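Q: Here's a structure for you.
2 protein chains.
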Amino acid sequence: MGLIEEMLAGDILSLARLITILERDGADVPQIMKQLYPRLGEAYCIGITGPPGSGKSTVVDRLTAVMRQRGFTVGIIAADPTSPFTGGAVLGDRIRMQQHYLDEGVFIRSMATRGSHGGLPRATGGVIKLMSAFGKDFILVETVGVGQTELDIMQNVDTVVVVLVPEAGDTIQTMKAGLFEIADIFAVNKADRPGADNLATELEMMIRLRSDQTRWQVPVMTTEAINNVGIEELYGQIEKHRQVLEETGRLSQRRQEQRRREFLEIVESRVSEELLKLVERDKELGQHMAMVETGEVDPYSAADEILRSRTLLASWSRQMTERRPKA
Amino acid sequence: MGLIEEMLAGDILSLARLITILERDGADVPQIMKQLYPRLGEAYCIGITGPPGSGKSTVVDRLTAVMRQRGFTVGIIAADPTSPFTGGAVLGDRIRMQQHYLDEGVFIRSMATRGSHGGLPRATGGVIKLMSAFGKDFILVETVGVGQTELDIMQNVDTVVVVLVPEAGDTIQTMKAGLFEIADIFAVNKADRPGADNLATELEMMIRLRSDQTRWQVPVMTTEAINNVGIEELYGQIEKHRQVLEETGRLSQRRQEQRRREFLEIVESRVSEELLKLVERDKELGQHMAMVETGEVDPYSAADEILRSRTLLASWSRQMTERRPKA
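If you read the protein sequences in the order shown, they are chains A and B.
Going by my numbering, the first sequence opens with residue 1, and the numbers climb by one from there.
Going by my numbering, the second sequence opens with residue 1, and the numbers climb by one from there.
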């Protein structure tokens with residue numbers, strides 16, 4: 001697999017190709033990740049999430065500029081279908097982004113948000129590792145904070161910035177969408193609009209009401225990303241959060257949890273994959289499936305049967321052993 | 001399990017309790033579903049999805065009124081955190097909904113949109129079955145069409161209505177979010193706003209460009225749900241789609257696929273559950289986990305080891321056999 005060596009040597013095309021392989025979840029993925037793991041870099045990963053229209057992409061764009069000014073390299077992953085980075089943008093947005101598209105120190109990748117639900121968070125985790133091995137100092141991950149899949153992606157990052165706007169209104173909705181629990185930093189964007197101060201005050205009150213604030217007091221920043229206001233301060237808070245995570249040992253703890261989760265997800269998806277093959281191949285299992293399809297048996301009873309059957313274990317054992325020499 | 005009998009006899013509190021059990025994915029779920037399967041009703045299920053702010057809840061509200069006028073009973077499932085049905089609404093919305101909250105022929109349930117990604121679509125599928133067994137004629141499922149989890153929910157319904165608004169703009173974004181592929185009917189809502197005609201024309205053009213339009217020509221309806229304009233016509237198209245599905249045998253085919261998917265998901269989640277228990281109990285597996293957490297071994301290699309190990313199979317076999325007498 002020369003691709004990985006080429007990528008590690010700094011070849012951008014190889015990086016792009018490796019990302020595509022990860023996205024498609026091809027058979028090569030385990031091999032790639034095994035080679036990658038000992039070579040992971042020191043990248044610090046920041047998630048930017050929030051409701052559609054809150055200006056997440058502009059925040060990403062401006063933060064990137066601040067990081068570049070300080071001489072850091074940046075990787076951007078846009079897993080947000082409405083992001084200008086993924087192509088879903090009006091012309092003005094695109095033109096604004098161009099400065100980074102032409103900058104060699106910035107690598108931008110949009111992720112296809114379709115596909116199996118477990119797939120996108122895992123693939124995003126893989127792409128973060130690729131960019132880290134490639135040598136990026138910072139990785140910014142943009143998702144739209146509405147769906148569960150998108151929240152799951154945020155488990156792969158070190159600091160989560162939740163971007164809100166005054167007219168998104170209602171902090172209740174933010175809480176219901178699960179954004180409150182995952183926020184390490186709030187950014188009230190478009191802060192020149194009416195209601196921004198109220199929103200910031202409301203958020204601060206809610207943060208004070210929470211009890212587990214001994215380690216890190218979630219700051220509420222106000223920004224006008226489009227006018228480049230408050231971005232340096234936002235970057236400062238990210239650095240501060242990073243420092244706290246490092247000093248308290250929580251960064252390594254967080255990454256330990258990530259590895260644990262990744263491991264369990266891999267085992268689960270491998271088991272599911274093998275099961276599907278078994279159902280296709282195995283006569284007895286196929287019969288259960290047919291009876292479920294016609295409605296003769298309910299799926300729960302059929303699942304019980306299959307999981308208790310000796311046949312499953314025997315076929316499983318055969319299937320795994322057959323494959324052993326090739327691996 | 002008196003709860004199911006009580007629910008089937010028309011007790012609303014039992015229905016609500018059963019839904020809660022399904023949502024929590026408790027140990028009773030398989031037993032409940034096994035009892036439920038032979039008693040499923042004839043409910044027809046309609047999914048209403050679209051971007052935030054497109055007025056999905058108002059469409060649900062108005063469609064419900066049309067169905068009630070015709071004497072049909074309705075179940076509403078809101079799996080959309082921004083829906084007024086789930087509580088995330090301004091006061092005006094809530095007041096509007098009240099007519100249905102007080103109507104005994106309408107059962108409204110909001111689903112927690114947090115939790116494991118695979119869980120919500122499966123739980124929603126279960127709640128649809130509960131409401132069907134309860135005797136509802138129509139079930140309306142509202143989701144926000146942004147995340148993958150929310151799209152997965154739509155695999156449980158018979159007709160998918162995608163609600164768009166002119167300012168959501170860009171049909172490209174609709175396509176990227178995967179809404180185009182799942183739409184059986186488009187509703188361009190807030191049709192009094194500028195750009196509505198353009199959006200409708202654009203959608204119609206894109207539908208004509210698709211090749212697989214032999215069975216059902218996806219109609220583009222214009223509605224002003226808030227003013228009750230176009231809702232009768234939308235209901236008419238839903239009935240028309242239902243008729244086509246029934247006549248071509250595609251309704252039973254669609255439900256066959258649903259059962260197949262449900263079965264595989266159950267098997268997968270049961271296997272994952274058992275695996276997790278094994279990892280906690282089994283010494284060898286626990287050691288692999290520890291090495292993954294510290295970063296000594298990459299998760300892919302550890303997964304390989306575990307899936308090939310004889311220990312897994314032996315422990316599995318023991319675990320499943322132990323449980324056999326109890327089931």
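Cβ atoms here follow ideal geometry from the backbone N, Cα and C, with glycine treated the same way.
Quick caveat: nothing in here was measured; it's all calculated off a predicted structure.
From what residue to what residue does the alpha helix (DSSP H) around Arg328 (chain A) run?
A: This structure gives no information on residue 328 (chain A), because the portion of chain A shown stretches from 1 to 327.
Q: Kindly list, in the order they appear in chain B, the residues whose Cβ is closer than 7 Å to that of Gly295 (chain A).
A: Result: Arg259.
Q: Hey, does Gln155 (chain B) have any beta-carbon neighbour from chain A nearer than 8 Å?
A: No, because no Cβ of chain A sits closer than 8 Å to the Cβ of Gln155 (chain B).
Q: Give the straight-line distance between the Cα atoms of Arg193 (chain A) and Ser110 (chain A), rounded to the nearest whole angstrom.
A: Their Cα atoms are separated by approximately 30 Å.
Q: So for Glu296 (chain A), helix, strand or coil by DSSP?
A: If DSSP states are grouped into helix, strand and coil, Glu296 (chain A) belongs with coil.
Q: When the Cα atoms are used, what is the spatial distance from Ala200 (chain B) to Ile185 (chain B)?
A: Roughly 12 Å between the two C-alpha positions.
Q: Where do the N-terminal and C-terminal ends of the beta strand (DSSP E) with Val246 (chain B) fall, by residue?
A: Residue identity differs from the one stated: residue 246 (chain B) is Glu in this sequence, not Val. Taken as a continuous stretch (DSSP letters only), Glu246 (chain B) belongs to no beta strand (DSSP E), being part of the alpha helix (DSSP H) at 231-247.
Q: Mind checking whether Glu233 (chain A) and Gly125 (chain A) have CB atoms under 8 Å apart?
A: Cβ distance not < 8 Å, so Glu233 (chain A) and Gly125 (chain A) don't count as in contact.
Q: Quick check on DSSP: helix, strand or coil for Glu204 (chain A)?
A: In the structure shown, Glu204 (chain A) sits in a helix (DSSP, three-state: H, G or I).
Q: So what does DSSP say about Gly88 (chain A), is it helix, strand or coil?
A: Per-residue confidence for Gly88 (chain A) stands at a pLDDT of 48, beneath the threshold of 50, marking its modelled position as unreliable; no derived number is given.
Q: Does the distance from the C-beta atom of Ala225 (chain B) to that of Thr58 (chain B) stay below 8 Å?
A: Taking 8 Å as the Cβ cut-off, Ala225 (chain B) and Thr58 (chain B) qualify as a contacting pair.
Q: Relative to the alpha-carbon of Ile12 (chain B), which residue among B:Ile231, B:Met67, B:Ala79, B:Ile108 has its alpha-carbon at the smallest distance?
A: Closest option to Ile12 (chain B), Cα to Cα, is B:Ile108.
Q: Could you give the first and the last residue of the continuous beta strand (DSSP E) run that contains Thr143 (chain B)?
A: Its beta strand (DSSP E) spans residues 138-143.
Q: When you compare only the Cα positions, how much space is there between Glu246 (chain B) and Ala43 (chain B)?
A: If I take the Cα positions, the gap works out to 13 Å.
Q: Considering only the beta carbon of each residue, do Thr143 (chain A) and Ala191 (chain A) sit closer than 8 Å?
A: No, the Cβ-Cβ distance between Thr143 (chain A) and Ala191 (chain A) is not below 8 Å.
Q: Taking only beta carbons into account, state which residues of the stretch 19-46 of chain B come closer than 7 Å to chain A, listed in chain order.
A: Under the 7 Å Cβ criterion, the stretch 19-46 of chain B contributes Pro30, Met33, Lys34, Tyr37.
Q: Can you list, in chain order, the residues of the stretch 259-286 of chain B whose Cβ is nearer than 8 Å to any Cβ on chain A?
A: Within the stretch 259-286 of chain B, the residues whose Cβ lies closer than 8 Å to some Cβ of chain A are Arg259, Arg260, Glu262, Phe263, Leu264, Ile266, Val267, Glu268, Arg270, Val271, Ser272, Glu274, Leu275, Leu276, Val279, listed in chain order.
Q: Give me the chain A residues within the contact set of Ser301 (chain B), using Cβ-Cβ distance strictly less than 7 Å, ordered along the chain.
A: Within chain A, the residues near Ser301 (chain B) are Lys34.
Q: Output needed for Leu130 (chain A): all residues of its chain with C-beta closer than 8 Å, excluding positions within five of it in sequence on either side, in chain order.
A: Closer than 8 Å at the Cβ level, and outside the excluded window around Leu130 (chain A), lie Met7, Leu15, Leu18, Ile19, Leu22, Leu36.
Q: If we cut at 8 Å on Cβ distances, does Asp158 (chain B) have a partner in chain A?
A: No, its Cβ sits nowhere closer than 8 Å to a Cβ of chain A.
Q: Excluding the 5 residues preceding and the 5 following Arg250 (chain A) in the sequence, name in chain order all residues of the same chain whose CB lies nearer than 8 Å to its CB.
A: For Arg250 (chain A), where only same-chain residues beyond five positions count, the Cβ hits under 8 Å are Arg215, Val244.
Q: Can you confirm whether Lys326 (chain A), when its beta carbon is compared against all beta carbons of chain B, has any partner nearer than 8 Å?
A: Confidence at Lys326 (chain A) is low in this model, with a pLDDT of 43, below 50, so the placement of that residue is unreliable and no value is reported for it.
Q: Using a Cβ-Cβ cut-off of 7 Å (strictly less than) and excluding sequence neighbours within five positions of Ser116 (chain A), which residues of its own chain qualify?
A: With a pLDDT of only 46 at Ser116 (chain A), under 50, the local geometry of the prediction cannot be trusted, and the value read off the model is given with reservation. If we look at Ser116 (chain A) and ignore the five residues flanking it on each side, it has no Cβ neighbours.
Q: Using beta-carbon positions only, say whether Gly105 (chain B) and Val74 (chain B) come within less than 8 Å of one another.
A: Going by C-beta atoms, Gly105 (chain B) is nearer than 8 Å to Val74 (chain B).
Q: Tell me whether Arg330 (chain A) sits in a helix, a strand or coil according to DSSP, three-state version.
A: Residue 330 (chain A) lies beyond the residue range present for chain A, which begins at 1 and ends at 327; the question has no answer from this structure.
Q: For Val365 (chain A), does the three-state DSSP call read helix, strand or coil?
A: Nothing can be reported for residue 365 (chain A), as the shown portion of chain A is limited to 1 through 327.
Q: In the structure shown, what three-state DSSP assignment does Thr124 (chain B) receive?
A: Here Thr124 (chain B) sits in helix by DSSP.
Q: Which of the three DSSP states, helix, strand or coil, is assigned to Leu276 (chain B)?
A: Correct three-state label for Leu276 (chain B): helix.
Q: Rounded C-beta distance between Leu140 (chain A) and Ile76 (chain A)? I'm assuming under 8 Å.
A: At roughly 5 Å, the Cβ-Cβ gap stays under 8 Å, so Leu140 (chain A) and Ile76 (chain A) are in contact.
Q: Label Lys277 (chain A) either buried or exposed according to how many other C-beta atoms from any shown protein chain fall within 10 Å of its C-beta, with 16 as the threshold for buried.
A: The residue is exposed, with fewer than 16 neighbouring Cβ atoms inside 10 Å.
Q: From which residue to which residue does the alpha helix (DSSP H) around Ala79 (chain B) run?
A: That residue, Ala79 (chain B), is in no alpha helix (DSSP H); its beta strand (DSSP E) goes 74-79.
Q: Roughly how many angstroms separate the alpha carbons of Phe180 (chain A) and Arg210 (chain A), rounded to a whole number?
A: Answer to the nearest angstrom: the Cα atoms are 11 Å apart.
Q: In the DSSP output, which residue or residues are listed as bridge partners for Ile48 (chain A)?
A: A:Glu142, A:Val161, per the DSSP bridge assignment.
Q: Are the CB atoms of Arg242 (chain B) and Asp158 (chain B) nearer to each other than 8 Å?
A: The answer is yes: Cβ separation under 8 Å.
Q: Glu166 (chain A) and Gly135 (chain A): beta carbons closer than 8 Å?
A: Looking at the sequence itself, residue 166 (chain A) is Pro, so the reference to Glu does not match. No.
Q: Ignore the nearest five residues each way along the sequence and tell me which others in Leu3 (chain A)'s own chain have a CB closer than 7 Å to its CB.
A: Taken in chain order, the residues that qualify are Ser14, Arg17, Leu18.
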